[in-house]
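Start counting the sequence shown at 1; every next residue gets the next number (UniProt numbering).
Ideal placement from N, C-alpha and C gives every residue a C-beta, glycine not left out.
Just below is one structure, and these are the notes that go with it.
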Amino acid sequence: MVAADLVAQLTQLAQAAEPAGLLPARQQMALSLGWHIVLACFGVAFPAMIFVMHLRGIRRDDPVALGLAKRWAKVSAVLFAIGAVSGTVLSFEMGLLWPGLMGTYGDVLGLPFAFEGLAFFLEAIFLGIYLYGWGRMPPRQHVLMVLPMAVTGVVGTYCVLAVNAWMNVPTGFRIVDGQVTDVEPWAVLFNQHAFLQFAHMWVAAYMVAGFTIAGVYAVGMLRGRRDEHHRLGFLVPFVFASIAAVAQPFVGHVLGAGLDERQPAKLAAFELAETTESPSPLRIGGVLVDGEVRYALDIPYLGSLIAMNSPSEPVPGLDEIPEADRPPVNLTHWAFQTMVGIGSLLMLSSVAFWVLRRRGRDLLESRLFLRFAAAGGPLAVLAMEAGWIATEVGRQPWIVYGVMRTPEAVGDYTSRLWWLLGTTSLVYAAMTVGAVVVLRSMARRWRAGEAELPSPYGPESRLWDTETAEERR
């Protein structure tokens, strides 16, 4: 019943009255964003982990840490190269799929997209300097090349999130006689909601990258590789992921404050509130069928307490929302609960790991924990994707909330969009296979003892690699 109703909610997005190109445009955008956002997480979070590992190697003269930093940098380069392809695709898709949006609000969104492109190119420059700086730059100067990578990755991501925040809470313009006027680009870039939405995604990026990288080393330990290389390779990213997992519920709660005023339909779908109740229960599971909630576990008062910061204030119900302005309720509700459920599980497991470690029990010796840690990366990705589904589907039927409906933004090239979706699916599948093949090949060669993987070009190494620890200092 639940699966069938979710399918019904998906088909709600493709009603006959909507433009024929809307469904393929939505599917294309979902595929592109859902695929690219995983790589974007590594662009945001990986440089900080590389920096910490490299700095540890220099300060402690630790060859294991330096070796890990060097390997991670090469992995980061592979992911960056693939992300450049998918990011370029997204740049073209904004105008191709949504000409109504970009044609009307291009002046509003131009500045954030321009800064995002600039940040991307700067990140590529410093990544190249860092990669080819090994053995060619003084170590203390070399490690600093990671910092611009980290900053530009954050700036680029913030700019994209500022656009999405504007779509949820539009500001910085006026509409006069149907025309967009008095555009304030800086108000769009630095709107208050952008900072909160960026913070939520920034923390999620550390969860995705941290748990995924730690999971790789957890798999290695499950296969008997219990050396310092694997332990350190697990612990550093797991520290980042643990801090992010503990912080995320608080960041998400702050972001959700005031949602009843900004987007009451989205909040009602999150909470599966078919009517306005005082106090509102926390509804776990359940589906909305013919206006009635079924198969849900209700916990009294908690809905009002969590969503409204009050023991009695009601969550606005769907009965207060015109039917034409309601999102696909069940899909939004289940996506939101998937995000919250997985996030809570990862938070609790992280806290348990560090509490037990402090008490003298090393869970890295537990195969059960290592199996869970190996699944941590995919779980974090699933939680992040579910969160974006909840955000974007929950905003429907608006592409710019309260200003422009999604059908108004789509172009009229139905057959071409289906061909584009098919082609893009094949390209992304090929890139996924290619990335897996390349990364597995690199891992096999590293395990075989190849410390230096050949590069297609680059200057000859100088003598920095042979300096003693005293000379480095």
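Flag this pair as yes or no: are the beta carbons of residue i and residue j separated by less than 7 angstroms?
i, j, result
"Ile306", "Pro281", "no"
"Ala273", "Gly286", "no"
"Val163", "Leu109", "yes"
"Leu379", "Gly21", "no"
"Val146", "Ile50", "yes"
"Pro24", "Leu421", "yes"
"Gly343", "Ala390", "no"
"Ala73", "Leu131", "yes"
"Ser86", "Trp35", "yes"
"Gly394", "Ala269", "yes"
"Val78", "Val438", "yes"
"Met339", "Gly387", "yes"
"Leu345", "Phe353", "no"
On the criterion of 16 or more Cβ atoms from any shown chain inside 10 Å, does residue i qualify as buried, or is it exposed?
i, result
"Gly256", "buried"
"Gln28", "buried"
"Gln337", "buried"
"Pro237", "buried"
"Gly303", "buried"
"Ala429", "exposed"
"Glu385", "buried"
"Phe250", "exposed"
"His200", "buried"
"Ser350", "buried"
"Ala265", "buried"
"residue 484", "Residue 484 falls outside the range modelled here, since the chain spans only 1 to 473, and no answer is possible."
"Asn168", "buried"
"His230", "buried"
"Ser76", "buried"
"Ala335", "buried"
"Ala214", "buried"
"Asn330", "buried"
"Gly402", "exposed"
"Gly427", "Note that residue 427 is Val in the sequence shown here, rather than Gly. Result: exposed."
"Val254", "exposed"
"Ala448", "exposed"
"Thr152", "buried"
Work out the CA separation of residue j and residue i for me, nearest whole Å.
i, j, result
"Leu222", "Arg367", "7 angstroms"
"His159", "Leu33", "Before going further, note that residue 159 is Cys rather than His in the sequence given. If you take the alpha carbons of Cys159 and Leu33, they lie about 15 angstroms apart."
"His54", "Pro148", "15 angstroms"
"Ile129", "His333", "45 angstroms"
"Trp186", "Ala114", "12 angstroms"
"Leu68", "Leu267", "44 angstroms"
"Trp464", "Asp62", "Confidence at Trp464 is low in this model, with a pLDDT of 46, below 50, so the placement of that residue should be treated as unreliable; the coordinate-derived value is given next. Using only the alpha carbons, I get a separation of about 16 angstroms."
"Ala435", "Glu313", "50 angstroms"
"Thr88", "Thr275", "44 angstroms"
"Gly241", "Phe211", "Inspection of the sequence shows that residue 241 is occupied by Ala rather than by Gly. C-alpha separation (whole angstroms): 6 angstroms."
"Gln197", "Leu161", "7 angstroms"
"Leu191", "Glu184", "The sequence shown places Asn at residue 191, rather than the Leu named in the question. Near 11 angstroms, if we compare the C-alpha coordinates of Glu184 and Asn191."
"Val355", "Ala443", "32 angstroms"
"Leu348", "Val315", "27 angstroms"
"Tyr301", "Pro311", "6 angstroms"
"Ile399", "Ala40", "22 angstroms"
"Tyr105", "Arg405", "13 angstroms"
"Glu365", "Val239", "17 angstroms"
"Arg60", "Glu228", "14 angstroms"
"Ala84", "Val433", "16 angstroms"
"Trp419", "Asp107", "30 angstroms"
"Ile284", "Val246", "21 angstroms"
"Ile125", "Val154", "15 angstroms"
"Thr423", "Arg357", "49 angstroms"
"Arg225", "Ile58", "25 angstroms"
"Arg462", "Pro47", "The predicted model places Arg462 with a pLDDT of 47, which falls under 50 and marks its position as unreliable, so this point remains unresolved."
"Arg445", "Arg71", "11 angstroms"
"Gly252", "Gly341", "13 angstroms"
"Asp325", "Ser425", "31 angstroms"
Could you tell me whether any non-hydrogen atom of the ligand NAP is closer than 6 angstroms to the CB of residue i?
i, result
"Ala187", "Ligands displayed in this structure: none; no statement on the ligand NAP is therefore possible."
Just to check my reading of the structure: residue i and residue j have Cβ atoms closer than 8 angstroms, yes? What is that Cβ distance to the nearest angstrom?
i, j, result
"Val188", "Trp202", "Going by Cβ atoms, the distance from Val188 to Trp202 rounds to 19 angstroms, so no, they are not a contact pair."
"Val208", "Val38", "7 angstroms"
"Gln396", "Pro328", "7 angstroms"
"Tyr206", "Ala150", "Between Ala150 and Tyr206 the Cβ distance is about 12 angstroms, and since that is not below 8 angstroms, they are no contact."
"Ala65", "Leu235", "No, Ala65 and Leu235 are not in contact; Cβ-Cβ is about 11 angstroms, not under 8 angstroms."
"Phe80", "Gly43", "6 angstroms"
Three-pair Cβ contact test at 8 angstroms for the stretch 369-384 versus the stretch 318-334: no
Mind the definition here: the stretch 98-112 touches the stretch 405-412 only if three or more C-beta pairs lie below 8 angstroms; say whether that holds. yes
Does the contact criterion of 3 or more C-beta pairs under 8 angstroms hold for the stretch 211-226 versus the stretch 260-272? no
Using 8 angstroms as the cut-off, can you tell me whether the stretch 40-59 makes contact with the stretch 130-146, which would need three or more C-beta pairs spanning the two stretches below that distance? yes
Are there three or more Cβ pairs, one per stretch, closer than 8 angstroms when the stretch 167-176 is compared with the stretch 110-119? no
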